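Asks: Attaching a single structure in structure tokens format; questions to follow.
Protein chains: 2
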Amino acid sequence: MTDQDRKRLGRRALLLKSLAHPSRLLIIEMLEHGPRCVGELTEAVGADITTVSKHLLVLKRAGLVRDTKHGTYSEYALVCGCVSHFVDCIESGMKEEAAPGNRSKGRGVP
Amino acid sequence: MTDQDRKRLGRRALLLKSLAHPSRLLIIEMLEHGPRCVGELTEAVGADITTVSKHLLVLKRAGLVRDTKHGTYSEYALVCGCVSHFVDCIESGMKEEAAPGNRSKGRGVP
DNA sequence: CGGGTTGTTGGCATAAAAGCCAACAATCAC
DNA sequence: GTGATTGTTGGCTTTTATGCCAACAACCCG
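Quick note, the sequences are listed as chains A and B, same order.
Its first residue numbered 1, the first sequence is counted upward by one per residue in this note's numbering.
Its first residue numbered 1001, the second sequence is counted upward by one per residue in this note's numbering.
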């Protein structure tokens, strides 16, 4: 494995980790319907606003959302509308039968 | 948010969490080329074999891989060949510009 | 049987994530 | 200005994840 591979895998793991929390997934789904302020998201998530604010920071650092200030309000929006789509794909993919290709490639044992 | 939503989001978070580790992503990528035994995966990951065995357990519990015993060897294979594909999608999606739809739906502030 | 190989499991130490409170900053409304 | 609203940040505790070692189980081979 090259050093570049290690970097690439690290980047992907970070991206996936930022999505891997129920509250953050809910936030993403809400933002798919349009921008929301922290208060609205907090009400939906049902946690402390400081907790939600930190979830939003995680998503921002991952490059998934962007924030804009409007007075005292912070408006958060998706950077790219395709995030939940891919999660849908992964999950629906899991319902399929085993990939046929994986049995025709020989055994994984010496 | 309904109780069913909570369940769905929890399930998805669990799935994403199981992918959100560099070593596990590497394992997934290797398995896309066909089944592998634990020893091969361990060599590629470059960690202790017990660590890799536990990573594989995480992936198995998430329903992403399946194992078959061949004598002393354990052969692991992807349950569905489409996993890395979606990770690719997410990452390439991030490189796009902001989703245009998210600015035409009004402001997220009251 | 006896020794070697291949994995798995339990246990433990360290590291990271999550969530709440308190305090603060920035803005608005009067 | 005063006070209220909206978020963010620091700090702290609790929970969870990670990774190695030791021990074990299962199998193979001579």
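For every residue, glycine included, the Cβ atom is placed at its ideal position computed from N, Cα and C.
All values derive from a computational prediction rather than experimental measurement.
Within the same chain, show all residues whose beta-carbon is closer than 8 Å to that of residue 18/A, passing over the 5 residues directly before and after it, in chain order.
Replies: Excluding positions up to five away in sequence, the list reads 24, 58, 59, 61, 62, 64.
Asks: Taking residue 1054/B as the query, report the chain A residues whose CB atoms sit under 7 Å from its CB, ordered along the chain.
Replies: The premise fails here: residue 1054/B is roughly 16 Å from chain A at the closest Cβ pair, so nothing lies under 7 Å.
Asks: Could you round the C-beta distance between residue 87/A and residue 1012/B to whole angstroms and report it? I think they count as a contact, below 8 Å.
Replies: At roughly 6 Å, the Cβ-Cβ gap stays under 8 Å, so residue 87/A and residue 1012/B are in contact.
Asks: Could you check whether residue 37/A and residue 1108/B sit closer than 8 Å to each other, using their CB atoms as the reference points?
Replies: Contact flag set, yes.
Asks: For residue 43/A, which residues from the same chain have a beta carbon less than 6 Å from its beta carbon, with the 5 sequence-adjacent residues on both sides left out?
Replies: Taken in chain order, the list of residues that qualify is empty.
Asks: Could you check which residue in 1033/B, 1048/B, 1089/B has the C-alpha nearest to that of residue 83/A?
Replies: For residue 83/A, the nearest C-alpha among the options comes from 1089/B.
Asks: For residue 1017/B, go through chain A and note every residue whose CB falls closer than 7 Å to its CB, in chain order.
Replies: Chain A residues near residue 1017/B: 20.
Asks: Is residue 16/A closer than 8 Å to residue 1016/B when the C-beta atoms are compared?
Replies: Yes, Cβ-Cβ distance for residue 1016/B and residue 16/A is below 8 Å.
Asks: If you measure from the beta carbon of residue 1058/B to each beta carbon in chain A, is any gap under 8 Å?
Replies: So no, residue 1058/B is outside the interface.
Asks: According to the neighbour-count rule (16 or more other Cβ atoms, all chains shown, within 10 Å of its Cβ), is residue 1027/B buried or exposed?
Replies: That one is buried.
Asks: Quickly, what does DSSP pair residue 136/A with across the bridge? List them, please.
Replies: Nothing about residue 136/A can be read from this structure; chain A reaches only from 1 to 110.
Asks: When the Cα atoms are used, what is the spatial distance from residue 48/A to residue 41/A?
Replies: About 11 Å.
Asks: Run through the region 38 to 100 of chain A for me and flag every whole alpha helix (DSSP H) of 4 or more residues, listed as ranges in chain order.
Replies: Runs found: 38 to 45, 49 to 61, 83 to 95.
Asks: Between residue 1032/B and the rest of its own chain, which residues show a CB-CB distance below 7 Å, the 5 nearest in sequence each way excluded?
Replies: So the qualifying residues of the chain are 1078, 1081, 1084.
Asks: Excluding the 5 residues preceding and the 5 following residue 1066/B in the sequence, name in chain order all residues of the same chain whose CB lies nearer than 6 Å to its CB.
Replies: Within the same chain, residue 1066/B has close Cβ partners 1077, 1079.
Asks: Between 1073/B, 1002/B, 1022/B, which has its C-alpha nearest residue 3/A's C-alpha?
Replies: Minimum Cα distance to residue 3/A is reached at 1022/B.
Asks: Which value, in whole angstroms, describes the spacing of the CA atoms of residue 1070/B and residue 1034/B?
Replies: For residue 1070/B and residue 1034/B, the distance between alpha carbons rounds to 16 Å.
Asks: Give a yes or no on whether 8 Å exceeds the smallest Cβ distance from residue 1047/B to chain A.
Replies: No, residue 1047/B lies away from the interface with chain A (no Cβ there is under 8 Å from its Cβ).
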